[in-house]
């Protein structure tokens, strides 16, 4: 991560599992603000990391890592950056619909 940042690259991280979040929370709290630009999680991982429900957790995660995505299973996902949140629903791949993504100026 340090090398990628030194080269000006964007770094994305998936929290991967709420047990990993619980086991390595201190390390994650250290590295995410320093190195991570885009943070992915599901609602359980987001809650394990922030202690907040998905709608509030996604904003907190975006404050720490510029852009946050919290997957909500069948309910889609929440995407946040710059204090803005968009709820993106699951759509059929046969539809040609533009996905709503917040303007992150990046």
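Residue numbers (my numbering): 45 to 150. From the three backbone atoms N, C-alpha and C, an ideal C-beta is built for every residue, glycine too. These numbers were taken from a predicted model, which means no experiment stands behind them.
The alpha helix (DSSP H) spanning residue 65 covers which residue range? Position 21 of the chain shown, counting from 1, holds the residue named residue 65. Here the alpha helix (DSSP H) through residue 65 covers 62-79.
What's the C-alpha gap between residue 125 and residue 107? Position 81 of the chain shown, counting from 1, holds the residue named residue 125. Position 63 of the chain shown, counting from 1, holds the residue named residue 107. If you take the alpha carbons of residue 125 and residue 107, they lie about 8 angstroms apart.
Taking the DSSP output, what are the residues bridged to residue 132? Mapped onto the chain shown, residue 132 falls at position 88. 121.
Does the separation of the CB atoms of residue 84 and residue 65 fall below 7 angstroms? Numbered from its first residue, the chain shown carries residue 84 at position 40. Numbered from its first residue, the chain shown carries residue 65 at position 21. Not in contact: residue 84 and residue 65 (Cβ atoms no closer than 7 angstroms).
In the DSSP assignment, find the beta strand (DSSP E) that holds residue 109 and state where it starts and stops. Here the question's residue 109 lines up with position 65 in the chain shown. Taken as a continuous stretch (DSSP letters only), residue 109 belongs to no beta strand (DSSP E), as it is neither H nor E.
Work out the CA separation of residue 148 and residue 97 for me, nearest whole Å. On the chain shown, residue 97 is found 53 positions in, with the first residue counted as 1. On the chain shown, residue 148 is found 104 positions in, with the first residue counted as 1. Rounded to the nearest angstrom, the gap between the Cα atoms of residue 97 and residue 148 is 23 angstroms.
Which whole-angstrom value is the C-beta distance of residue 113 and residue 123, which I expect to be below 8 angstroms? For this step, residue 113 is matched to residue 69 along the chain shown. For this step, residue 123 is matched to residue 79 along the chain shown. The Cβ separation is near 5 angstroms, so the contact holds.
Could you check if residue 73 is buried or exposed, using at least 16 other CB atoms within 10 Å of its CB as the buried criterion? Residue mapping note: residue 73 aligns to position 29 of the chain shown, counting from 1. Residue burial annotation: residue 73 is exposed, with fewer than 16 other C-beta atoms found within 10 angstroms of its C-beta.
Identify, in the order they occur along the chain, each residue of the same chain with its Cβ nearer than 7 angstroms to the Cβ of residue 79, setting aside the five sequence neighbours on each side. Residue 79 sits at position 35 when you count from the first residue of the chain shown. Closer than 7 angstroms at Cβ, skipping near neighbours: 45, 46, 49 and 55.
Quick check: the Cα distance between residue 88 and residue 135, rounded to an integer number of angstroms? Locating residue 88 in the chain shown gives position 44, counting from the first residue. Locating residue 135 in the chain shown gives position 91, counting from the first residue. Each residue's Cα considered, the two are about 22 angstroms apart.
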